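Peer 1: Respectively, the protein sequence lines represent chains B and U. First residue of the first sequence: 20, per the numbering used here; consecutive thereafter. First residue of the second sequence: 497, per the numbering used here; consecutive thereafter. Note that beta-carbon positions come from the ideal geometry of N, C-alpha and C, so glycine has one too. Here the structure is a predicted model, which means the values were calculated and not measured.
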Amino acid sequence: MKKTYNIEVDCANCAQKMENAANTVEGIVKATVSFMTQKMNVEFAEGANEKNVMKEVLKACKKVEDDCEIEF
Amino acid sequence: MTKKQKKVLKRIIISAALTFFIALFEHIILGKAGDDYRFPVLGEFFHKYHFLLLLLYLVPYFIIGHDILKKALKGIKNKQVFDENFLMAIATVGALILGAVTCGEEGGYLEGVAVMLFYQIGELFQAVAIGKSRKNISALMDIRPDYANIEDENGNLVQVSPDEVGIGDIIVVKPGEKIPIDGCIVSGSASLDTKALTGESMPREAVEGDDVLSGCVNLSGLIKIKTTKPFGESTVSKILNLVENSSMKKSRSENFIAKFAHYYTPAVCYGALALAVLPPVIILIARGGMPFSEWAVTVLSSWVIRALTFLVISCPCALVISIPLSFFGGIGAASSRGILVKGSNYLEALSETGIIVFDKTGTLTKGVFEVTGIYPAKGEGTYSDRAGNLGEDELLKYAALAENYSDHPISKSLKEAYAKRLSENADNESISEAAEKKDNSDSIDKKTVIEVTDIEEIGGHGLTASVDGKKVAVGNIKLMNKLMLKADADNLPIGTIIYVAIDGMYAGYIVISDVVKENSKRAISELKKSGIRKTVMLTGDLKTVADSVGKELMLDEVKSELLPGDKVDCVEALLSEKRKKEKLAFVGDGINDAPVLSRADIGIAMGAMGSDAAIEAADVVLMDDDPAKISLAMRISRKCLRIVYENIIFALAVKFICLVLGALGIANMWIAIFADVGVMVIAVLNAIRCLNVKD
Chain B
20 MKKTYNIEVD
30 CANCAQKMEN
40 AANTVEGIVK
50 ATVSFMTQKM
60 NVEFAEGANE
70 KNVMKEVLKA
80 CKKVEDDCEI
90 EF
Chain U
497 MTKKQKKVLK
507 RIIISAALTF
517 FIALFEHIIL
527 GKAGDDYRFP
537 VLGEFFHKYH
547 FLLLLLYLVP
557 YFIIGHDILK
567 KALKGIKNKQ
577 VFDENFLMAI
587 ATVGALILGA
597 VTCGEEGGYL
607 EGVAVMLFYQ
617 IGELFQAVAI
627 GKSRKNISAL
637 MDIRPDYANI
647 EDENGNLVQV
657 SPDEVGIGDI
667 IVVKPGEKIP
677 IDGCIVSGSA
687 SLDTKALTGE
697 SMPREAVEGD
707 DVLSGCVNLS
717 GLIKIKTTKP
727 FGESTVSKIL
737 NLVENSSMKK
747 SRSENFIAKF
757 AHYYTPAVCY
767 GALALAVLPP
777 VIILIARGGM
787 PFSEWAVTVL
797 SSWVIRALTF
807 LVISCPCALV
817 ISIPLSFFGG
827 IGAASSRGIL
837 VKGSNYLEAL
847 SETGIIVFDK
857 TGTLTKGVFE
867 VTGIYPAKGE
877 GTYSDRAGNL
887 GEDELLKYAA
897 LAENYSDHPI
907 SKSLKEAYAK
917 RLSENADNES
927 ISEAAEKKDN
937 SDSIDKKTVI
947 EVTDIEEIGG
957 HGLTASVDGK
967 KVAVGNIKLM
977 NKLMLKADAD
987 NLPIGTIIYV
997 AIDGMYAGYI
1007 VISDVVKENS
1017 KRAISELKKS
1027 GIRKTVMLTG
1037 DLKTVADSVG
1047 KELMLDEVKS
1057 ELLPGDKVDC
1067 VEALLSEKRK
1077 KEKLAFVGDG
1087 INDAPVLSRA
1097 DIGIAMGAMG
1107 SDAAIEAADV
1117 VLMDDDPAKI
1127 SLAMRISRKC
1137 LRIVYENIIF
1147 ALAVKFICLV
1157 LGALGIANMW
1167 IAIFADVGVM
1177 VIAVLNAIRC
1187 LNVKD
């Protein structure tokens, strides 16, 4: 299952870091972050609980980039 | 500017003002320790309690830099040590400490604050510039309709979210509004602006019964539309999805920079550390017996300054930001002209294209049959010879009227050509009417109703009918043979030949053929000029037809009479002969050529407005069917890539030179700030140029 979320991130490097961080979260098959459109594309693993996974993603992202926001 | 940016701006202004006054105080009012103090009491006091000066400088420093310091600390806590915040924190704190150690003689305080100040100015500028170009580009692509109008029970118009409209509902689109959902006009007519979809600026007329696509803007007239798709599957949603996801597919250069930054930042940090520690230690050992305090003040401090300068220079922001911005600009520029590029990687590949393979029908030619020549026969025994001169218009008139009730594609082309001539003649007449009413034997009076009776179809031959009392036969050469008439058979133009006989006399023939698009020739020559090595046309059409089109367009190679499967084989063969680093692009209309589109390095689908299959299969989608858009797309991609390389080389070169100068102790903090912020600003401004490509 694929979903797109609006995000807020200040710099391209930070977006790259968020992408790397999001990809380490369990339940994520692939996450891509576009700094330009301020969007995150997420492909969830089968049977993953979106809300919980996204919470983890936000946590992981906050760790690498304090300023970021994800709307979910 | 956003709220956040305004806040930063305020901080910058306050901090800059404070720093200015403190520096003024330090340098003008106090003066240098070596010279006589202007105000000896004050000077001696501050010399003695030097830390007071530091405390003064710390006020603007914290105003401007507190968030950076906080982020750097958080980074260390989260084991993400080496980022720009950390670099800036180390560099500025280092400068301040240095100032304290040397009692401000090296001017460390001012520099520490100034570096932070300029870093923030640079960041702010970057945020504003990027935010602005992001908005510009997004505005180009913004075709998202905000609402749909539906009628409630009382007949009042209500605005609802397009998502809430179901299939088969009636929506109302007023002049000036976007059509939110694909559908079919049930009442009213309008001229539609399709610019957002196709880049085509000529408005299109749509009347009752026409299918209309979402994303078009209604320029005039109220129309009611019965929706045929839900909002999520309408053209506008599909295009938006495609464009928004395009920056997710990253190009090679973007991946390169991401990887580069991954190694670069830690490498620079360790380099700086080595620069700060190794040479002083070596000097200490070599000189032997140098007093430690003297060593710390003279040798160590100068190398620490070099190391800090080194750190400031090394910031990778310019590269990391300008490259995705360039690609985004390129994709935005393309989509505003009706060229949808599905990813930065395809934009990159487009610039490397060496071979372009075209499908013929629908791509280089219009794919609809048109009357391309009317040849009334003049020789002996013909209608003209015996029954009076027969003009082109009249020959067409008889043929079209005889075919009036037939649905065959050829009859359709004949009727269309006839209708076109009628309206042209009507125009001419109205002009000449003003001057003088001229008797024109060729002109067709459309007021008279011409009777068409006794239509008889002869399978595989054509038909005969009685038009205006004359017996007309329209068909192929077999029909003429059957009627035992001698017809022109040699030196015929290329295309389908329709023979006409009137009252048992051969009257001439009409040529119907697929016409080459107006822009095809220009498109091919432009492509060649822009460095395409080879142009190939593949078609299932007859060799004679294909060769004549190929010659007209000056294509390098033409392969005709191919079955759909053969096209894949041809493309495979061409793929194997392409040079290293060269890319092959296939251009088709998306009908029947999905396998080829996906086999080629870059699949370009044309005239894809509303065709889902083509949008799915292709990497680059041209919304209208203008072949000149291909060379435009290539120009955009070339320009974009050139800018990307310019930025990479420029930024790396400046950084490298400054790094060397910094390590040698030649570059000071001011040069370092230019190397960081200045380069970034120039790179961002350069990247924004991607948006402007001439048609």
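Let me see if you follow: with CB-CB separation under 9 angstroms, is Met-37(B) close to chain U or not?
Peer 2: Taking Cβ atoms only, chain U never reaches closer than 9 angstroms to Met-37(B), which makes this a no.
Peer 1: Taking the Cβ atom as the reference point for each residue, do Glu-1057(U) and Asp-1037(U) lie within a distance shorter than 9 angstroms?
Peer 2: Taking 9 angstroms as the Cβ cut-off, Glu-1057(U) and Asp-1037(U) qualify as a contacting pair.
Peer 1: With a Cβ-Cβ cutoff of 9 angstroms, do Ala-814(U) and Leu-769(U) count as a contact?
Peer 2: No, they are not a contact pair.
Peer 1: For a contact meaning CB atoms closer than 7 angstroms, what does Thr-51(B) contact in chain U?
Peer 2: Correct list: Met-744.
Peer 1: Should Gln-616(U) go down as buried or exposed, given a rule of 16 or more other Cβ atoms within 10 Å for buried?
Peer 2: Looking at its Cβ environment, which holds 16 or more other Cβ atoms inside 10 Å, Gln-616(U) is buried.
Peer 1: I need the straight-line Cα distance from Ala-1113(U) to Lys-1135(U), nearest angstrom please.
Peer 2: Approximately 26 angstroms, taken between the alpha carbons.
Peer 1: Please name the residue or residues paired with Gly-1004(U) in a DSSP beta bridge.
Peer 2: Its beta-bridge partners are Pro-872(U), Val-996(U).
Peer 1: Should Trp-1166(U) go down as buried or exposed, given a rule of 16 or more other Cβ atoms within 10 Å for buried?
Peer 2: Exposed, since its Cβ has fewer than 16 Cβ neighbours within 10 Å.
Peer 1: Check the Cβ of Asn-751(U) against every Cβ in chain B and list those closer than 7 angstroms, keeping chain order.
Peer 2: Near Asn-751(U) there are no residues of chain B at all, since even the closest Cβ is about 10 angstroms away, more than 7 angstroms.
Peer 1: Cα-Cα, which of Ile-626(U), Asn-574(U), Lys-1063(U), Glu-607(U) is closest to Val-589(U)?
Peer 2: When only C-alpha atoms are compared, the closest one is Glu-607(U).
Peer 1: Name the DSSP beta bridge partners of Leu-959(U), please?
Peer 2: In DSSP, Leu-959(U) forms a bridge with Glu-953(U), Val-970(U).
Peer 1: Would you verify that the beta carbon of Asn-71(B) is, or is not, closer than 9 angstroms to some beta carbon of chain U?
Peer 2: Not one chain U Cβ lies under 9 angstroms of Asn-71(B).
Peer 1: Grab the span of the alpha helix (DSSP H) containing Gly-1084(U) for me, first residue to last.
Peer 2: Element bounds for Gly-1084(U): not the alpha helix (DSSP H) but the beta strand (DSSP E), 1079-1084.
Peer 1: What are the start and end residues of the beta strand (DSSP E) that includes Ala-644(U)?
Peer 2: Counting along the chain, the beta strand (DSSP E) containing Ala-644(U) begins and ends at 644-647.
Peer 1: Taking only beta-carbon positions, decide if Lys-74(B) is within less than 9 angstroms of chain U.
Peer 2: Cβ-Cβ to chain U under 9 angstroms: no for Lys-74(B).
Peer 1: Please report the straight-line C-alpha distance between Ala-67(B) and Thr-23(B), rounded to a whole angstrom.
Peer 2: Their Cα atoms are separated by approximately 16 angstroms.
Peer 1: Which residues of the segment 1167-1186 of chain U have a Cβ closer than 9 angstroms to any Cβ of chain B? Give them in chain order.
Peer 2: Here the close residues number zero.
Peer 1: Suppose you measure from the CA of Glu-660(U) to the CA of Leu-1023(U); what does that come to, to the nearest Å?
Peer 2: Distance between the alpha carbons of Glu-660(U) and Leu-1023(U): 46 angstroms.
Peer 1: So, is the C-beta of Asn-68(B) closer than 9 angstroms to a C-beta in chain A?
Peer 2: The chain inventory of the structure shown lacks chain A, comprising the protein chains B and U.
Peer 1: Excluding the 5 residues flanking Leu-1157(U) on each side, which residues of the same chain have their C-beta closer than 8 angstroms to its C-beta?
Peer 2: The answer, listed in chain order, is Ala-1163, Ile-1167.
Peer 1: With respect to the alpha helix (DSSP H) encompassing Cys-80(B), which residues constitute its N-terminal and C-terminal limits?
Peer 2: Run containing Cys-80(B): 69-83, per the alpha helix (DSSP H) assignment.
Peer 1: Please tell me whether Gln-622(U) has its Cβ less than 9 angstroms away from any Cβ of chain B.
Peer 2: Cβ-Cβ to chain B under 9 angstroms: yes for Gln-622(U).
Peer 1: So which of Ile-26(B), Glu-69(B), Val-83(B) has the shortest CA-CA distance to Asn-39(B)?
Peer 2: When each option's Cα is compared against that of Asn-39(B), the closest is Val-83(B).
Peer 1: Does DSSP put Phe-865(U) in a helix, a strand or coil?
Peer 2: Three-state DSSP puts Phe-865(U) in a strand.
Peer 1: Beta-carbon within less than 8 angstroms of Met-73(B)'s beta-carbon, same chain only, minus the 5 sequence neighbours each way: which residues are those?
Peer 2: Tyr-24, Val-61, Ile-89, Phe-91, listed in sequence order.
Peer 1: Relative to the C-alpha of Arg-917(U), which residue among Pro-905(U), Ile-586(U), Lys-908(U), Asp-889(U) is closest?
Peer 2: Here the closest residue by C-alpha is Asp-889(U).
Peer 1: Under a Cβ-count criterion, where at least 16 other Cβ atoms within 10 Å of its own Cβ denotes burial, should Tyr-914(U) be classed as buried or exposed?
Peer 2: It is buried - the Cβ of Tyr-914(U) has at least 16 other Cβ atoms within 10 Å.
Peer 1: Identify, in the order they occur along the chain, each residue of the same chain with its Cβ nearer than 7 angstroms to the Cβ of Ser-1094(U), setting aside the five sequence neighbours on each side.
Peer 2: So the list reads Ala-1113, once near-sequence residues are dropped.
Peer 1: Scan the segment 718-779 of chain U and note each continuous alpha helix (DSSP H) run of 4 residues or more that stays entirely inside, going in chain order.
Peer 2: Here the runs fully enclosed are 731-742.
Peer 1: For Ala-623(U), verify whether its CB is less than 8 angstroms away from any heavy atom of the ligand FMN.
Peer 2: In the structure on display, the ligand FMN does not appear, and there are no ligands present to speak of.
Peer 1: Give me, in chain order, the residues of the same chain whose beta-carbon lies closer than 7 angstroms to that of Ala-1171(U); leave out the 5 immediate sequence neighbours on both sides.
Peer 2: Closer than 7 angstroms at the Cβ level, and outside the excluded window around Ala-1171(U), lie Ile-809, Val-1150, Lys-1151, Cys-1154.
Peer 1: Anything in chain B within Cβ reach of Lys-506(U), meaning under 9 angstroms, just list it in chain order.
Peer 2: Ordered by position in chain B, no residue passes the 9 angstroms Cβ test against Lys-506(U), which lies about 18 angstroms from the chain.
Peer 1: Taking 9 angstroms as the CB-CB cut-off, is Ala-757(U) touching chain B?
Peer 2: With 9 angstroms as the cut-off, Ala-757(U) counts as an interface residue toward chain B.
Peer 1: Could you give the first and the last residue of the continuous alpha helix (DSSP H) run that contains Ala-845(U)?
Peer 2: Ala-845(U) -> alpha helix (DSSP H) spans 840-846.
Peer 1: Where does Glu-1057(U) sit, in a helix, a strand or coil, going by DSSP?
Peer 2: DSSP places Glu-1057(U) in coil when its eight states are reduced to three.
Peer 1: Just to confirm my understanding: we take Asp-665(U), look at its own chain, exclude 5 residues before and 5 after, and list those with CB closer than 8 angstroms. What are they?
Peer 2: Same-chain partners within the cutoff: Ile-646, Lys-722, Thr-723.
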